[in-house]
Structures are given as C-alpha cells and as structure tokens.
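The sequence shown begins at 60 in the numbering used here and counts up one residue at a time.
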Amino acid sequence: MFVHILGTTLVDYPGKVASTVFSAHCNLRCPFCHNSDLVLETSISQLQELSVDYIKAFFTKRLGFLTGVVFTGGEPLLNPDLPSMMITLKEMGLSIKLDTNGTNPEILKDLIDIPDYIAMDVKSSPEKYNLATGGRGSFSRILESLEILRENNKRFELRTTAVRPLFDINDVKSLFQYLGKVEIWALQSFYPDHVLNEAWSEIPPYTPDEMKILAFEMKNTAKVVPLRF
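1. Tell me which residue opens and which closes the alpha helix (DSSP H) that ARG218 is part of.
2. Can you name the residues that DSSP bridges to ASP158?
3. Mapping DSSP to helix, strand and coil, what is GLN247?
4. Count the CB pairs spanning the segment 118-125 and the segment 141-153 that are closer than 8 Å, and state whether there are at least three.
5. Consult DSSP for LEU153 and reduce its assignment to one of helix, strand or coil.
6. Do you know how far the Cα of VAL62 is from the Cα of LEU106?
7. Starting from THR119 and walking both ways along the alpha helix (DSSP H), at which residues does that stretch end?
8. Return the residue from the list PHE288, SER183, PHE215 that minimises the CA-CA distance to ASP268.
9. Would you list, in sequence order, the uninterrupted beta strand (DSSP E) runs of no fewer than 3 residues that lie entirely inside the segment 72-109?
10. Would you kindly check if the distance between the Cβ of THR280 and the Cβ of LEU246 is under 8 Å?
11. Taking the alpha carbon of GLY193 as the point to measure from, which residue in CYS85, ILE64, LEU208 has its own alpha carbon closest?
12. Any idea what DSSP makes of VAL128, helix, strand or coil?
13. Work out the CA separation of LYS75 and LYS240 for me, nearest whole Å.
14. To which residues of the same chain is ASN163 closer than 8 Å at the C-beta, ignoring the five residues directly before and after it?
15. Is the Cβ-Cβ distance between SER184 and LEU217 less than 8 Å?
16. Pull up the distance between the alpha-carbon of ILE114 and that of GLY66, whole angstroms please.
In structure tokens:
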C-alpha cells in the first residue's frame with residue numbers, strides 16, 4: 060500500500076523536480092535500514108493508506124512544477140497497485156523512477172516498460188549478502204534483475220549504502236566479476252540513526268575521505284560513481 064508522499068525532492072531523481080511516493084512492506088530485513096516503519100508489520104499496522112484518488116489529486120495540483128515521481132519503500136514491487144499508479148502518473152506527463160532492492164526479477168520483468176529510470180540496490184558482495192539482508196536476500200536474484208535491466212536497455216543505476224561491516228575494498232573487488240561494466244554505481248552514506256537493528260546504530264559511518272577511496276575503486280566497474288552523503 061502507498062502510505063506517504065514526500066512533497067519535493069531535487070536529489071532522489073537526478074535531473075528532475077520530483078515527489079517521492081512511499082510503499083509499505085519489504086521482503087528483506089537489512090539491519091542498517093532506516094525505514095523500519097515501512098518494513099516491520101507492527102509499524103505498518105499503524106500507518107494510514109493513501110487512496111488512489113488522493114495520490115492523483117496531489118500530482119494533478121502540481122503539474123507544471125513537478126517533472127518526476129519516485130516510487131520507493133519498503134519494496135515497491137510488492138505493491139500490487141504499483142503498475143497502474145505508475146501508468147496513471149506517466150499518462151499525466153510525469154517521468155517515473157522506481158527504486159527496488161532487486162530481489163523480485165519476475166515482477167520487475169512484467170512492468171519493465173513502465174518506469175523511465177530504475178535504481179537498484181546492491182547491498183554487498185555475495186559472501187555477505189545473507190548478513191546484509193537479515194538472512195532473506197539472494198545475490199543470484201540481483202544478477203537476474205540486472206540482466207533484465209540490460210536486456211531491455213533501461214536507464215538505471217546501481218546503488219550501495221556503505222556500511223562498514225558489509226562493504227569494503229575487498230567487497231568492491233569481489234563484485235567486479237559479477238556486475239561487469241555499468242554506467243552508474245552510486246555510493247551512499249550510512250546514517251546510524253533509527254536503524255532496524257539497534258545494535259547497528261553503534262557502527263561508525265565511513266568518513267568522506269574513506270568514501271572517496273571506495274568510490275575510486277568502484278570506478279573500475281562504473282563510469283560514474285556519485286557520492287551521496
């Protein structure tokens with residue numbers, strides 16, 4: 060279900076003035092997740108669902124100012140109303156960006172023609188993917204989704220949150236052999252506030268200089284490595 064709209068963002072959709080629509084529910088339990096209210100069922104039960112009419116009215120009022128919409132979560136591909144909502148807003152003239160954790164390649168394939176831009180998570184190297192996803196992720200599913208993006212010539216970026224136990228130079232090197240060459244691989248800072256697993260709030264984030272070292276290594280795979288602090 061759709062539960063929240065962030066009014067205006069200049070950073071979530073590169074080159075667009077966008078609003079972000081949040082979906083509840085996720086199939087992963089990443090311990091460093093900062094959107095636990097959209098993941099844990101006890102929190103989701105306290106949220107109010109946004110109606111289709113409300114969402115349409117929100118964007119109708121902002122046509123001419125907004126140029127894009129970001130669908131994020133949670134994991135938006137779990138929302139059965141996602142395809143029709145993306146189509147509705149696209150028909151209004153808005154460009155559509157989809158954020159996904161990449162673990163649902165079958166669903167991604169079914170709606171691949173709708174979004175204009177896709178951002179897909181790469182949580183860590185295969186060796187650490189189980190830890191990174193709370194025991195629920197499969198790296199092979201990420202590779203399936205990546206192949207779908209490439210086969211359909213989609214504009215996409217990969218993105219990784221740099222969490223110290225999960226992503227270091229060795230993990231970057233391990234991922235080279237699996238990801239191949241990509242256009243964009245964004246590196247995001249980890250913020251230890253309000254994380255799903257409280258124990259992970261004690262982990263110090265990488266410093267800006269450490270992030271730059273990781274980004275430099277990532278350029279062996281990606282043409283562009285945006286740093287997002």
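Idealized CB from N, CA, C, for every residue including glycine.
A quick look at the data gives this:
1. For this step, residue 218 is matched to residue 159 along the sequence shown. ARG218: not part of any alpha helix (DSSP H); member of the beta strand (DSSP E) spanning 215-221, first to last residue.
2. As a working note, residue 158 is residue 99 in the sequence shown. Paired residues: ALA178.
3. On the sequence shown, position 188 is the one that residue 247 refers to. Collapsing the DSSP output to three states places GLN247 in a strand.
4. Between the segment 118-125 and the segment 141-153 there are three or more inter-stretch CB-CB distances shorter than 8 Å, so the stretches are counted as touching.
5. For the purposes of this step, residue 153 is taken as residue 94 along the sequence shown, with counting starting at 1. Of the three classes helix, strand and coil, the one that applies to LEU153 here is coil, per DSSP.
6. If you number the sequence shown from 1, residue 106 lands on position 47. If you number the sequence shown from 1, residue 62 lands on position 3. C-alpha separation (whole angstroms): 7 Å.
7. Position 60 of the sequence shown, counted from the start, is the residue given in the question as residue 119. Looking at the DSSP string, the run of the alpha helix (DSSP H) that includes THR119 is 111-120.
8. Within the sequence shown, residue 268 is the residue found at index 209, counting from 1. The option with the nearest alpha carbon to ASP268 is PHE288.
9. Counting only unbroken stretches of 3 or more residues, the beta strand (DSSP E) elements lying wholly within the segment 72-109 are 77-82, in sequence order.
10. Mapped onto the sequence shown, residue 246 falls at position 187. Mapped onto the sequence shown, residue 280 falls at position 221. Going by beta carbons, LEU246 and THR280 fall outside the 8 Å limit.
11. The count along the sequence shown starts at 1 and reaches residue 193 at position 134. Proximity to GLY193 across CYS85, ILE64, LEU208 peaks at CYS85, based on C-alpha coordinates.
12. Walking along the sequence shown from the start, residue 128 turns up at place 69. In the structure shown, VAL128 sits in a strand (DSSP, three-state: E or B).
13. For the purposes of this step, residue 240 is taken as residue 181 along the sequence shown, with counting starting at 1. For the purposes of this step, residue 75 is taken as residue 16 along the sequence shown, with counting starting at 1. When only Cα atoms are considered, LYS240 and LYS75 end up about 25 Å apart.
14. Taking the sequence shown and counting its residues from 1, the one referred to as residue 163 is at position 104. Cβ neighbours of ASN163 beyond the five flanking positions: ASN86, GLU134, LEU136, LEU137, ARG200, SER204.
15. In the sequence shown, residue 184 corresponds to position 125, counting from 1. In the sequence shown, residue 217 corresponds to position 158, counting from 1. Not in contact: SER184 and LEU217 (Cβ atoms no closer than 8 Å).
16. By 1-based counting over the sequence shown, the position of residue 114 is 55. By 1-based counting over the sequence shown, the position of residue 66 is 7. Inter-residue distance for ILE114 and GLY66 is about 11 Å (C-alpha atoms, whole angstroms).
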